[in-house]
Amino acid sequence: MARAVRCARLVDVVGERVLTDQLVVIEGDRIVSTGPYTGFDGELRDLGDVTVAPGLIDLHTHLVGVAACGDYAQELKHSAARQAFASIPNARDTLLAGFTTVRDVGTFRAFVDVALRDAVDAGHVLGPRMAVAGAYVTVRGGGGMLTGFAHDVEVPKEFRFGETRSVDDIRERVREIVFHGADLIKLIATGAVLANGTVPGAPELTEAQMRAAVEEASWYGRYVAAHAHGAEGVKRAVCAGVRSIEHACFLDDEGAELMAAHGTYLSADIWWADWIRETGPSRGYDAEQLRKNDETAEAQREGFRRAVRAGVKIGFGTDAGGFPHGLQGRQLATMVEHGLTPIQALKAATLTSAECMGWDDRVGSLSPGRYADLIAVPGTLDITKFADVAFVMKGGEVVKNTLRGVS
Ligand SMILES: [Zn+2]
Numbered sequence: 457m458a459r460a461v462r463c464a465r466l467v468d469v470v471g472e473r474v475l476t477d478q479l480v481v482i483e484g485d486r487i488v489s490t491g492p493y494t495g496f497d498g499e500l501r502d503l504g505d506v507t508v509a510p511g512l513i514d515l516h517t518h519l520v521g522v523a524a525c526g527d528y529a530q531e532l533k534h535s536a537a538r539q540a541f542a543s544i545p546n547a548r549d550t551l552l553a554g555f556t557t558v559r560d561v562g563t564f565r566a567f568v569d570v571a572l573r574d575a576v577d578a579g580h581v582l583g584p585r586m587a588v589a590g591a592y593v594t595v596r597g598g599g600g601m602l603t604g605f606a607h608d609v610e611v612p613k614e615f616r617f618g619e620t621r622s623v624d625d626i627r628e629r630v631r632e633i634v635f636h637g638a639d640l641i642k643l644i645a646t647g648a649v650l651a652n653g654t655v656p657g658a659p660e661l662t663e664a665q666m667r668a669a670v671e672e673a674s675w676y677g678r679y680v681a682a683h684a685h686g687a688e689g690v691k692r693a694v695c696a697g698v699r700s701i702e703h704a705c706f707l708d709d710e711g712a713e714l715m716a717a718h719g720t721y722l723s724a725d726i727w728w729a730d731w732i733r734e735t736g737p738s739r740g741y742d743a744e745q746l747r748k749n750d751e752t753a754e755a756q757r758e759g760f761r762r763a764v765r766a767g768v769k770i771g772f773g774t775d776a777g778g779f780p781h782g783l784q785g786r787q788l789a790t791m792v793e794h795g796l797t798p799i800q801a802l803k804a805a806t807l808t809s810a811e812c813m814g815w816d817d818r819v820g821s822l823s824p825g826r827y828a829d830l831i832a833v834p835g836t837l838d839i840t841k842f843a844d845v846a847f848v849m850k851g852g853e854v855v856k857n858t859l860r861g862v863s
């Protein structure tokens with residue numbers, strides 16, 4: 457029997473507007489139709505006085521692995537099995553926060569993310585739909601490696617799976633990572649903030665290497681997401697044809713214009729610096745680390761505003777895992793503070809992110825044929841409410857409902 461959800465307000469991310477008194481008709485795990493409510497003959501769930509939106513998408517999570525604490529030796533103290541089990545609550549917390557889809561962009565121990573994705577798809581684990589990167593493609597000692605160990609200590613192979621040295625070699629890395637089940641390729645184009653010894657702004661891959669990776673990935677229907685902080689690394693990655701730029705902490709005008717011209721998506725984690733500011737002192741961050749955090753955050757937010765002005769396609773990526781999973785909805789309000797309207801922020805975290813993933817045929821909007829992934833907050837549209845959604849449906853199944861008086 458057909459089922460339906462009645463929505464007092466529905467955020468239409470395609471038309472960038474809020475529609476009133478809508479009916480979403482569901483069959484199995486998919487949406488059949490969405491339109492004005494005129495009655496329904498079947499199993500009807502009336503959500504009451506709420507605002508409904510498509511399930512949210514985070515383009516940048518790390519569901520597997522030890523939360524970024526700066527101590528990479530932790531990774532070597534846990535077995536793959538333990539890491540896999542420890543990722544179960546991360547997946548659950550993400551889904552219950554309204555994120556019905558994530559793009560998981562890397563684990564230091566290769567392919568634990570592939571196993572988690574498959575466990576979610578098989579119904580063994582409660583979690584979001586996942587596209588996974590499998591391993592980081594990175595230079596030796598670069599931002600995607602476990603760094604900080606003595607030079608004569610060799611890190612085990614599963615932590616170096618994506619280590620690359622040359623243009624030919626990067627093709628082989630990409631191929632192997634795809635063969636082991638990755639949905640996309642994650643390149644580390646510049647240094648990283650937390651990796652010892654790397655310089656966040658410094659380029660680590662050449663444009664030729666990245667172009668080879670993009671081409672090789674495309675032969676298997678995959679695309680490339682590039683971690684890039686520095687302005688130069690961003691430009692190289694964009695010119696090489698990557699699908700998205702992650703972080704973009706030091707994005708300049710030229711980089712923003714290049715991204716707009718190439719249609720490159722921006723996935724900038726502009727919220728979590730606030731979390732470091734709030735919790736850093738109690739977690740042992742010293743004054744210098746906190747100052748650097750503030751400076752980087754300000755530069756990144758300036759870059760974000762620049763990208764919005766330049767007309768770059770804005771996706772939604774948070775780097776969850778650096779902070780506790782399930783808090784990432786808070787970034788929507790930060791995006792509104794820095795240049796988007798509330799509806800544009802929701803569009804970034806749904807339709808635009810789905811397009812970035814190449815998954816807009818199945819998620820990202822409440823259009824016919826898409827999975828019945830939807831969320832609700834009480835009352836009228838207020839972006840801050842999406843930090844703590846009251847109702848979550850994934851594939852037609854209700855996985856969370858704290859709405860009063862609604863079954
Ligand atoms: Zn990350």
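Using this note's numbering, the first residue of the sequence shown is number 457, and each one after it goes up by one.
Yeah, the Cβ is synthetic: ideal placement off N, Cα and C, and Gly gets one too.
>> ligand 1 and Asp514: does any heavy atom of the ligand fall closer than 6 Å to the residue's C-beta?
In response: For the purposes of this step, residue 514 is taken as residue 58 along the sequence shown, with counting starting at 1. No - ligand 1 has no heavy atom lying nearer than 6 Å to the Cβ of Asp514.
> CB-CB under 6 Å to Ala591, same chain, minus the five flanking residues each way: which ones, in chain order?
Replying inline: Within the sequence shown, residue 591 is the residue found at index 135, counting from 1. Closer than 6 Å at Cβ, skipping near neighbours: Ala566, Phe617, Gly618, Ile633.
> Candidates Asp477, Ala776, Arg621: which alpha carbon is nearest Leu466's?
Replying inline: For the purposes of this step, residue 466 is identified with residue 10 of the sequence shown, where counting begins at 1. Checked all of Asp477, Ala776, Arg621; the closest Cα to Leu466 is Asp477.
> Under 7 Å, do Lys642 and Ala681 count as touching if we go by C-beta distance?
Replying inline: Taking the sequence shown and counting its residues from 1, the one referred to as residue 642 is at position 186. Taking the sequence shown and counting its residues from 1, the one referred to as residue 681 is at position 225. Result yes, Cβ atoms of Lys642 and Ala681 sit closer than 7 Å.
> Would the beta-carbon of Ala776 fall within 7 Å of that of Ile513?
Replying inline: Position 320 of the sequence shown holds residue 776. Position 57 of the sequence shown holds residue 513. Going by C-beta atoms, Ala776 is not nearer than 7 Å to Ile513.
> Going by the CB atoms, is the gap between Ala571 and Ala529 shorter than 7 Å?
Replying inline: Looking up residue 529 in the sequence shown gives position 73. Looking up residue 571 in the sequence shown gives position 115. No, the Cβ-Cβ distance between Ala529 and Ala571 is not below 7 Å.
> Considering only the beta carbon of each residue, do Val845 and Asp829 sit closer than 7 Å?
Replying inline: On the sequence shown, position 389 is the one that residue 845 refers to. On the sequence shown, position 373 is the one that residue 829 refers to. Going by C-beta atoms, Val845 is not nearer than 7 Å to Asp829.
> Val595 to Ala648, Cα distance in whole Å?
Replying inline: Counted from its first residue, the sequence shown places residue 595 at position 139. Counted from its first residue, the sequence shown places residue 648 at position 192. So the alpha carbons of these two residues sit roughly 12 Å apart.
> Span of the beta strand (DSSP E) holding Val470?
Replying inline: Counting from one through the sequence shown, the residue named residue 470 turns up at place 14. Counting along the chain, Val470 falls outside any beta strand (DSSP E), and DSSP gives it neither H nor E.
>> Excluding the 5 residues flanking Leu796 on each side, which residues of the same chain have their C-beta closer than 8 Å to its C-beta?
In response: By 1-based counting over the sequence shown, the position of residue 796 is 340. Here the set comprises Val764, Ile770, Ala804.
> Using a threshold of 6 Å, is the CB atom of Asp468 nearer than that to any non-hydrogen atom of ligand 1?
Replying inline: One-based indexing of the sequence shown puts residue 468 at position 12. The answer is no for Asp468.
>> Restricting to runs no shorter than 4 residues, where is the alpha helix (DSSP H) found entirely within the stretch 730 to 789?
In response: 743 to 766
>> Looking at ligand 1, does it come within less than 6 Å of Asp865, judged from the CB to the closest heavy atom?
In response: No information on residue 865 is available, as it lies outside the stretch 457 to 863 that the chain covers here.
>> Below 8 Å on the Cβ atoms is my contact criterion, and I expect Arg462 with Leu503 to pass it. Report the Cβ-Cβ distance as a whole number of Å.
In response: The residue you call residue 462 lines up with position 6 of the sequence shown. The residue you call residue 503 lines up with position 47 of the sequence shown. Leu503 and Arg462 do touch by the CB rule: their CB atoms are close to 7 Å apart, below 8 Å.
>> To the nearest angstrom, how far is the alpha carbon of Asp709 from that of Arg762?
In response: In the sequence shown, counting from the first residue as 1, residue 709 sits at position 253. In the sequence shown, counting from the first residue as 1, residue 762 sits at position 306. Approximately 7 Å, taken between the alpha carbons.
>> In chain order, what are the residue ranges of uninterrupted alpha helix (DSSP H) at least 4 long that sit wholly in the stretch 647 to 687?
In response: 663 to 675
>> For a quick check, are the C-beta atoms of Ala832 and Val508 less than 7 Å apart?
In response: Residue mapping note: residue 832 aligns to position 376 of the sequence shown, counting from 1. Residue mapping note: residue 508 aligns to position 52 of the sequence shown, counting from 1. Yes, Cβ-Cβ distance for Ala832 and Val508 is below 7 Å.
> Are the CB atoms of Met715 and Val694 nearer to each other than 7 Å?
Replying inline: As a working mapping, residue 715 is identified with position 259 in the sequence shown. As a working mapping, residue 694 is identified with position 238 in the sequence shown. Yes. Within cutoff.
> How far does the beta strand (DSSP E) with Thr517 in it reach, from first residue to last?
Replying inline: In the sequence shown, counting from the first residue as 1, residue 517 sits at position 61. Where Thr517 is concerned, the enclosing beta strand (DSSP E) stretches over 512 to 517.
> DSSP state of Pro834, grouped into three classes?
Replying inline: In the sequence shown, residue 834 corresponds to position 378, counting from 1. Reduced to three states, the DSSP call for Pro834 is strand.
> Grouping DSSP H, G and I as helix and E and B as strand, with all else coil, what is Glu531?
Replying inline: Your numbering for residue 531 matches position 75 in the sequence shown. Helix.
> Are Leu822 and Thr517 closer than 7 Å when you measure CB to CB?
Replying inline: Position 366 of the sequence shown, counting from 1, holds the residue named residue 822. Position 61 of the sequence shown, counting from 1, holds the residue named residue 517. Result no, Cβ atoms of Leu822 and Thr517 do not sit closer than 7 Å.
>> Is any non-hydrogen atom of ligand 1 found closer than 6 Å to the C-beta of Asp775, if you look at the structure I gave you?
In response: Within the sequence shown, the letter at position 319 stands for residue 775. Because some heavy atom of ligand 1 lies under 6 Å away, the Cβ of Asp775 counts as near it: yes.
> According to DSSP, what are the bridge partners of Phe635?
Replying inline: Within the sequence shown, the letter at position 179 stands for residue 635. DSSP, once it has assigned bridges, lists no residue as partnering Phe635.
> What residues in its chain sit with their C-beta under 6 Å from that of Asn546, if we drop five residues either side in the sequence?
Replying inline: Position 90 of the sequence shown, counted from the first residue, corresponds to residue 546. The residues are Leu519, His781.
>> If you measure between the beta carbons of Tyr679 and Leu640, is that distance less than 7 Å?
In response: Within the sequence shown, the letter at position 223 stands for residue 679. Within the sequence shown, the letter at position 184 stands for residue 640. Against a cut-off of 7 Å, the Cβ pair of Leu640 and Tyr679 comes out as a contact.
>> With three or more C-beta pairs closer than 8 Å as the rule, is the stretch 556 to 563 touching the stretch 582 to 590?
In response: yes
> Going by DSSP, what residues sit across from Gln478 in a beta bridge?
Replying inline: On the sequence shown, position 22 is the one that residue 478 refers to. DSSP output for Gln478 lists Cys463, Pro492 as bridge partner(s).
> Between which two residues does the beta strand (DSSP E) harbouring Phe847 extend?
Replying inline: As a first step, residue 847 is located in the sequence shown; it is residue number 391 there, counting from the start. 847 to 850 is the extent of the beta strand (DSSP E) around Phe847.
> In the structure shown, what three-state DSSP assignment does Val854 receive?
Replying inline: What you label residue 854 is simply residue 398 of the sequence shown in a count that begins at 1. Val854 falls in the strand class under three-state DSSP.
>> Considering only the alpha carbon of each residue, which of Arg860, Ile544, Gly711, Ala724 lies closest to Gly579?
In response: Locating residue 579 in the sequence shown gives position 123, counting from the first residue. Out of Arg860, Ile544, Gly711, Ala724, Ile544 has the C-alpha closest to the C-alpha of Gly579.
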